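>
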Amino acid sequence: MSAPNSLRISHVGLRGIVGSGLHASHVLDFASAFGTFLETPGAVVIGRDPRASGVMIREGVVAALLACGRDVVDLGVVSTPVIQHNIRRLEAAGGISIGASHNAAEWNALKFFGRNGTYLSTAEAGELLDIYHLRKFQFATYDRLGSLRRLEDGVDWYLDRLAEVYDFQALQGIRVLADCTNGTSSLLLRRIRERFGMDIHLINAAMEGVEFAHPPSTTAKMVALQLAPLVTLVGAGAGFLFDVDSDRVAIATEQGEAVSEEMVLPLLADHVLPRSEGKLVIANLSSTALLDEVAARHGGRVLRAPVGRQAAMDALASYRPEQISLAGEGTGAVMLPQFRFIYDGIASMLGIVAMMKERGRKLSEIIHSYPRYSMLKAEVPLESTLVPDLLMELRQAYPDGTANIADGLRIDWPGRWFHIRVSQTEPIVRVICEQKGEPPQKLFDDVLEHVRRMA
Amino acid sequence: MIPREHKLKIGVSGIRGEVGEFLTPSLACGFAQAFGTYVGAGRVVLGRDTRASGEMIQHAVCCGLLASGCEVVQVGILPTPTIQVYVGAAGSRGGIAITASHNPPEYNALKLFNRHGLFLNHYERSELIDLYHQSDFEHADNARIRRIVSDVETPKRLHFERVLHFVDVERIRKRRFRVALDGVNGAGSLLSIEFLRDRLGCDLHPIAVDPSKPFPREAEPRADTLGELSALVRRERCDVGFGQDPDGDRLAIADETGRVIDNDDVLALVVDSVLRRLSGDVVVNLTTSSAIDDVASAHGRRVYRTPVGEANVVERMRAVKAVIGGEGSNGGIIFPAVQYCRDSYTGMAFILDLMASDGEPFSAMAGRLPRYWRLSGKMDFEHGRLGMLMQNIEEALLAPVIDRSDGLKLIWPDGWIHVRASNTEPVLRMAVEAKNEARLRQLHDRLRQFWG
């Protein structure tokens, strides 16, 4: 059943299994801390994914924000990017997204946004955490409480922003099949179909609160489960799999191949870099090296941050907007230059369709035009106390490579690298190994052997 | 200035406090989660009065109820008696009304009802507070979290149907009474207009019936807070004026001259009206006027007396199957055939019915009641001195009959004194009643000497 200690309170917010880890009281306190933390005037924009527990959490969030004297604008069930765009629209003080994204249905989480819909910086998130731990909240007196209103056209406003970047007319003619994982992408894609006449077919399109048709992760394995076999059947030019809150996406070709989730970022980089002023690509230490090769073709450069959204946000915040081209993770979450700080699976989908249109080629042809990179991944349980020794040992075992210790240990050789890091959520270490061409089986086995001897 | 320790009360009477620093959303949510755990996963009805903090507290309570696995039935802004009628009829596990009743606007509180729509009794309340302190709440997982539904029409319909069943609606409508109403911008504002104008055919002159506005006067309806109503009655030459509290359980009445009638006399009139057509005994609290005894005995009926507090009166009414009851001192009329709760709508309907049947001006009807002289007030007392003070009063005044079931009540054949510590404030409440003014002065003076 549910894991004990599922509650995780960190710089990226609050996450846990509702009932056994994440309780109403955590929600009230954390939202009260956020209401106390916000300094700029303005409302707070909220929205949620379709999980059943989302209503309970919304009620707690609304109560806490009203108590802090904040007006609340509730967008209802929407994706995280819709919330971020509407924070900008309303010149709100911030926002909260209620939803556990790629986690299973029993999870839920709160993500916090500041002005302009940006994720909180590490410094800001640290201050929020301190207020939460102190539990000294600034509640307004009875005559200065906030009030709640519903905003019904949040999705349309968001789609208008997408339409400023993508010419939907030009995207006609390619049939798209989407696996919505019973999440918010279904409502966005239906509306795109209605308003812009894109040829979109949906599966797992009913928004569900309790049971999803399959786990909501955007991996090639999940693409292969239902989406990929159906792409050829409906004659679609491309298949897209979304997680529940639509910030991540994975792809299938018109041939019914499930493409590795690692491909989304290089694909979009190839499309975006030539037309963007900025040439920096922000990725993490575990993302594919194909990205470096693609970036180099367009005079771009890849900046690798530690794994996790917070590190990416801090990296993003340290450059001027015009210096950055795009940012993303190997999980299929990508930020396009026009939508700073917004990881958006729908925008990524439109980018890929636009790329197909522009090149006039099939998705499988585009995918196979890149050199082959092979990646191997594993997880090994290991006590945290042993981690420093393990990293030291590995570094000594591979003295000829270039070491990077920003997040665990990554060692690079030309055309080959491995990265070993500790999970932030479980007592395991993750090993990732990549090589241009054939799978780096020997290196992978050697590294794993070191880890297993230690464990 | 209310001392800090009295700005939040969590105890057997539930949770009540000043919104902001004291009554926080987390406390409201936690208490609601304890309540949801106590009544069990099922439907719980949730409504509120019009005070500004109602919306915030409603979301906090809703969160706590959902977290405990309950389904929440939102009924919106409604009088407490209307909510209680609905809870009893809706097949729910219980209900919560968010209201601090007659307390000032900066306060809010939760009134908690069991599945019959009754206030939790003393034993239920102490179980709930223990459960709250243990913090061992039910935490529903995603699959067991239920939804919020809303039903804003049924409660009103049920309540009106029940009340109007017991009066002669046609006879009242024919009279087309000129009625003044002060709704204190409370939960009853809109309902009262519909009730009096549309259902009972009154020529209605309402003030303070905008639920979106703050309370325009002190929330408790009393002679000294209902000046606007009195003036309205005189200006519009009304037959009667009704003053409600923010959650519509209390009622005060002005006669056709604008004079606000003693709540004890209002209760006596309603008791008389009920006993004329229904048979059964009467239950009131210790502080209620002896006029009730006179009225009841004229009908050959018995009066039972209980400690002050609606829950106490209701409990006894159920035990003795009383036909009518209430708390004269604070304008509460309890008519079980509608619901075991204080209900200003039952009060208004019965008074109009009485006026329609007797055909007399209100002042004349009130004037025919047995005449008693009354005084009431409150005094500070030092902590730890209460027992001694009570004992001194008892020994010095030497009354023939003594009732110690709620503070101290000293009873003579021609008058009585009742002294008790308030449940909600750090004060001693005292009430004195006598058959003539001289005796009243005498009893009152003898009581006052204990405060130098």
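Protein chains in written order, with our numbering: chain E, 229 to 683; chain F, 1145 to 1596.
Just so you know, even glycine gets a beta-carbon here, dropped at the ideal spot from N, CA and C.
The structure presented is a predicted model; accordingly, all values stated were derived computationally and were not measured.
For the region 592 to 608 of chain E, list every residue whose C-beta sits within 9 Å of some C-beta in chain F, in sequence order.
none
> Quick one: what does DSSP say Val1384 of chain F is sitting in, helix, strand or coil?
strand
> Do you know how far the Cα of Ala480 of chain E is from the Cα of Met563 of chain E?
20 Å
> At 3 residues or longer, what runs of the beta strand (DSSP E) sit wholly inside the region 1363 to 1436 of chain F?
Here the runs fully enclosed are 1384 to 1388, 1395 to 1398 and 1426 to 1429.
> For Leu1210 of chain F, return the contacting residues in chain E, with the cut-off set at a CB-CB distance below 7 Å.
Val283, Met284 and Glu287
> Quick check: Ala637 of chain E and Leu622 of chain E, are their CB atoms within less than 9 Å of each other?
One detail in the question is off: residue 637 of chain E reads as Leu in this sequence, not Ala. Result yes, Cβ atoms of Leu637 of chain E and Leu622 of chain E sit closer than 9 Å.
> For Ser1197 of chain F, does the three-state DSSP call read helix, strand or coil?
coil
> So which residues on chain E does Glu1250 of chain F lean against when the C-beta distance must stay under 9 Å?
Residues of chain E with a Cβ closer than 9 Å to the Cβ of Glu1250 of chain F are, in chain order, Thr369, Tyr370 and Asp371.
> In three-state terms, what does DSSP make of Tyr1182 of chain F?
The answer is helix: DSSP assigns Tyr1182 of chain F an H, G or I state.
> Can you tell which of E:Ala582, E:Val305 and E:Arg236 has its C-alpha closest to the C-alpha of Thr412 of chain E?
E:Val305
> Considering just the uninterrupted stretch of the alpha helix (DSSP H) at Leu1302 of chain F, what are its terminal residues?
Start and end: Thr1298 to Leu1308.
> Name the chain E residues that come within less than 7 Å of Thr1168 of chain F, Cβ to Cβ?
In chain order: Ala295 and Phe367.
> Measure the beta-carbon distance from Ile420 of chain E to Gln454 of chain E and round it to whole angstroms, keeping in mind my assumption that it falls under 8 Å.
With a Cβ gap of about 21 Å, Ile420 of chain E and Gln454 of chain E do not count as contacting.
> Cα separation between Cys408 of chain E and Pro1350 of chain F?
55 Å
> Looking at chain F, which residues of the region 256 to 285 of chain E have a Cβ within less than 8 Å of any of its Cβ atoms?
In summary, the residues of the region 256 to 285 of chain E whose CB is separated from some CB of chain F by less than 8 Å are Leu256, Asp257, Ser260, Arg279, Ala280, Ser281, Val283, Met284 and Ile285, in the order they occur in the chain.
> When you compare the region 1153 to 1165 of chain F with the region 1184 to 1191 of chain F, are there three or more beta-carbon pairs, one atom per stretch, that lie closer than 8 Å?
no
> For Pro1355 of chain F, I'd like the list of residues in its chain whose CB is within less than 8 Å of its CB, leaving aside the five on either flank, ordered along the chain.
Thr1194, Ile1221, Asn1329, Gly1330, Ala1331, Ser1333 and Leu1334
> Hey, does Ser230 of chain E have any beta-carbon neighbour from chain F nearer than 9 Å?
Any reading at Ser230 of chain E must be qualified, since the residue scores a pLDDT of 42, below 50, and its modelled position is unreliable; the value itself is stated next. With 9 Å as the cut-off, Ser230 of chain E counts as an interface residue toward chain F.
> Since Ile1289 of chain F and Met435 of chain E should fall inside the 8 Å C-beta cutoff, what is the C-beta to C-beta distance between them, to a whole number of angstroms?
With 8 Å as the limit, Ile1289 of chain F and Met435 of chain E do not qualify as a contact, their Cβ atoms being about 16 Å apart.
> Return the chain-ordered list of same chain residues with a C-beta closer than 6 Å to the C-beta of Val246 of chain E, the five sequence neighbours on each side being excluded.
Ser281 and Asn336
> So within the region 1198 to 1269 of chain F, which uninterrupted beta strand (DSSP E) runs reach at least 3 residues, ignoring any that extend past its ends?
Restricting attention to beta strand (DSSP E) runs no shorter than 3 residues, the region 1198 to 1269 of chain F encloses them at 1215 to 1221, 1238 to 1242 and 1251 to 1257, ordered along the chain.
> Return the residues of the region 1283 to 1294 of chain F that lie within a Cβ-Cβ distance of less than 9 Å from chain E, sorted by chain order.
His1283, Ala1284, Asp1285, Asn1286, Ala1287, Arg1288, Ile1289, Arg1290, Arg1291 and Ile1292
> According to DSSP, Leu378 of chain E sits in a beta bridge with which residue or residues?
Per the sequence presented here, residue 378 of chain E reads as Arg, with Leu not at that position. Per DSSP, E:Asp302.
> Tell me whether the beta-carbon of Gly1521 of chain F lies closer than 9 Å to the beta-carbon of Met1461 of chain F.
Cβ distance not < 9 Å, so Gly1521 of chain F and Met1461 of chain F don't count as in contact.
> On the three-state DSSP scale, how would you describe Ser238 of chain E?
Shown here, Ser238 of chain E sits in a strand according to DSSP, grouped into three states.
> Using only the alpha-carbon positions, how far apart do Lys1255 of chain F and Phe1175 of chain F sit?
Rounded to whole angstroms, the gap between the alpha carbons of Lys1255 of chain F and Phe1175 of chain F is 11 Å.
> Given that Cys1206 of chain F touches chain E, what residues does it touch there, using C-beta distances under 7 Å?
The answer, in chain order, is Glu287.
> Does the contact criterion of 3 or more C-beta pairs under 8 Å hold for the region 1448 to 1462 of chain F versus the region 1355 to 1366 of chain F?
Not touching, per the Cβ criterion.
> Output yes if chain E places a C-beta closer than 9 Å to the C-beta of Val1296 of chain F; else output no.
no
> CB Met584 of chain E to CB Ala466 of chain E, shorter than 9 Å?
yes
> What does Ser234 of chain E reach in chain F if we use C-beta pairs closer than 9 Å?
Here the premise fails: no neighbours, minimum Cβ distance about 11 Å.
> At a CB-CB cut-off below 9 Å, which residues of chain F make contact with Ser414 of chain E?
Per Cβ cutoff of 9 Å: no residues; Ser414 of chain E is ~19 Å from chain F at best.
> Looking at Leu256 of chain E and Ser1170 of chain F, is the spacing between their C-beta atoms short of 9 Å?
yes
> Mind checking whether His1527 of chain F and Pro1570 of chain F have CB atoms under 9 Å apart?
yes
> Compare the beta carbon distance of Gly1469 of chain F and Val1427 of chain F with 9 Å and say whether it is the shorter of the two.
Yes, Cβ-Cβ distance for Gly1469 of chain F and Val1427 of chain F is below 9 Å.
> Would you kindly work out how many angstroms separate the C-alpha atoms of Glu505 of chain E and Ala497 of chain E, rounded to a whole number?
13 Å
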